[in-house]
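Position in the sequence shown counted from 1, then plus 401, gives you the UniProt record's numbering.
For glycine and all other residues, C-beta sits at the position ideal for the given N, C-alpha and C.
Bear in mind the structure is a predicted one, so any value in this text is a computation, not a measurement.
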Amino acid sequence: LAKESGHNYFQFYVASVDQEIRERKQLEKDLSVALHNHQFHLVYQPQVNLETHRIIGAEALIRWEHPEKGLIPPDEFIPVSEMNGSIVEIGQWVLDQACWQAARWASNGMPLRIAVNLSAVQLRQDTIVDDILDTLKRHHIPAGRLELEVTETSFMTNLEEAVDKLKRLHKAGISIAVDDFGTGYSSLTYLKRMPVQHLKIDKQFIRDLLVNEEDTRIANTIIDLGKSLNLTVVAEGVETAEQEYYLAQRGCKLAQGYFFSKPLKPHEFEIFVAGFHSKIVENNA
Ligand code: C2E
Ligand code: MG
Ligand code: MG
Ligand code: MG
Numbered sequence: 402l403a404k405e406s407g408h409n410y411f412q413f414y415v416a417s418v419d420q421e422i423r424e425r426k427q428l429e430k431d432l433s434v435a436l437h438n439h440q441f442h443l444v445y446q447p448q449v450n451l452e453t454h455r456i457i458g459a460e461a462l463i464r465w466e467h468p469e470k471g472l473i474p475p476d477e478f479i480p481v482s483e484m485n486g487s488i489v490e491i492g493q494w495v496l497d498q499a500c501w502q503a504a505r506w507a508s509n510g511m512p513l514r515i516a517v518n519l520s521a522v523q524l525r526q527d528t529i530v531d532d533i534l535d536t537l538k539r540h541h542i543p544a545g546r547l548e549l550e551v552t553e554t555s556f557m558t559n560l561e562e563a564v565d566k567l568k569r570l571h572k573a574g575i576s577i578a579v580d581d582f583g584t585g586y587s588s589l590t591y592l593k594r595m596p597v598q599h600l601k602i603d604k605q606f607i608r609d610l611l612v613n614e615e616d617t618r619i620a621n622t623i624i625d626l627g628k629s630l631n632l633t634v635v636a637e638g639v640e641t642a643e644q645e646y647y648l649a650q651r652g653c654k655l656a657q658g659y660f661f662s663k664p665l666k667p668h669e670f671e672i673f674v675a676g677f678h679s680k681i682v683e684n685n686a
C-alpha cells in the first residue's frame, strides 16, 4: 500500500510540475507580445517629505493588464522577464514612459522627481548608462529629475562594473536609491563603495513597526545608518498615522505608502497632488 501511494504521489508530483512548466511557458509567451500589444502601463506612488509634508516625487511601478487573466502583479512577471532577458526591453519602455510622463507633468507646472526601478539585469547591459542618458535627453528631462532604484543584488555579480556605471549615472546628476534595504545581503562594504544617496527601508520592516520590537529596532538602525553615512532614508509601505508620526519624529526624511496614497494612474495622481496640501493642513487643524 505504501508503495502504491508513493507511486500515486510521484504521479501527482510529476503532473503538477508539468503543469507548472506549461503555465510558465505560457506566461513567457504572453509576456513576449505584451509590450507590442500595449498591455503595460505605469502607476505612480507619491513620495512625501515628512518634514515639509510636501510631495517631492513619485515612484513609477509597472502594471500588466493581461487580456484574459486581468492584472498580473510585477512580482509574478518581473522575475520571469529577468530570467529570459525580456526585462531589458520592458525596462527601457518603463524608463521612456516615466520620462515622457515627467516631461508632461513638468510642462504643466509639476516638476516632480520620478523614481524608476532598475533591474540588476538592466544594469549589467553594456549600453545601459548611455541608454538612460539618451532617454533623458530625448524627453528634455534634467538628470536631477530622475532617481534609479537598485537592489543590493545589483552589486553582487560584478561590483566593479556596477560601481563604475552608477558613478557615471550619478555624475550626470541622477540620484541612486538602494531599494528593499535590509532584505538582501546588506553589506556595509558595498554601501560605502556604491555611489548611492538614498536608502529605502523595505516595507516588511514598516508593516509591524511599533508592534514588533525587532522590526522597530531594524528601522531605527537603518535610519541611524542613513544619518551617519549621510544618506536620505525613505520608508516604504507606510500605512498608518502612527507609523508616519513615529518615522517623522525618528528622523526618517521621506516616505511612501497607502497612508498617503496607493500607486495611481496619471490622471488620478494629478488630482491627488492638487488636493494634497490642503488635506494635510486640514488634518493638522
Ligand atoms: P518595490 O520597488 O519595492 O515597490 C514597492 C511595492 O510596495 C509596490 O508593489 C507598491 O505597490 C507596494 N506598496 C506601496 N505602498 C504600500 C503599502 O503601504 N503597503 C503595502 N503592502 N504595499 C505597498 P508592486 O507595484 O506590486 O511592485 C512590486 C515589485 O515589483 C517592486 O517592489 C519592484 O521590485 C518590482 N517592480 C515594479 N515595477 C517595476 C519596474 O518597472 N521595473 C522593475 N525592474 N521592477 C519593477
Ligand atoms: Mg522600488
Ligand atoms: Mg522596495
Ligand atoms: Mg520590493
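Residue pairing of GLU548 in beta bridges, as defined by DSSP: ALA516, SER576. Of the other Cβ atoms in all chains shown, 16 or more fall within 10 Å of the Cβ of THR552; this residue is therefore buried. By the Cβ test, the region 436-456 is in contact with the region 657-673, since at least three Cβ pairs between them sit closer than 8 Å.
In this structure ASP580 is buried. Its beta-carbon is surrounded by 16 or more other beta-carbon atoms within 10 angstroms. Per the C-alpha coordinates, the member of LEU665, LEU570, PHE606 positioned closest to PHE582 is PHE606. GLN598 sits in coil when the DSSP states are folded into three classes, being neither helix nor strand. Sorting LEU549, GLU452, MET557 by C-alpha distance to the C-alpha of HIS571 places LEU549 at the top.
The region 484-497 makes contact with the region 515-523, as at least three CB pairs between them are under 8 Å. In this structure, the C-beta of ASP476 stays at least 7 Å away from each heavy atom of ligand 3. ALA499 is a Cβ neighbour of ALA461, given a cutoff of 8 Å. Listed in chain order, the non-local C-beta contacts of LEU496 below 7 Å within the same chain comprise VAL517, ILE533, THR536, local neighbours out to five positions each way being set aside. A distance criterion of 7 Å places the beta-carbon of LYS666 beyond contact range of ligand 1, judged by its closest non-hydrogen atom. For VAL481, the enclosing alpha helix (DSSP H) covers residues 475-485. CA-to-CA, the gap between ALA435 and GLN427 works out to about 12 Å. Ligand 1 never approaches ALA649 closely enough for any of its heavy atoms to be under 7 Å from the residue's Cβ. In this structure GLY638 is buried. Its beta-carbon is surrounded by 16 or more other beta-carbon atoms within 10 angstroms. Remark: the shortest separation between the CB of ASN518 and any heavy atom of ligand 2 falls under 7 Å. Taking every residue with its beta carbon within less than 6 Å of a heavy atom belonging to ligand 3 gives, in chain order, ASP580, ASP581, LYS601, ASP603, GLU637. Pairing THR633 with HIS599 gives a Cβ-Cβ distance under 8 Å.
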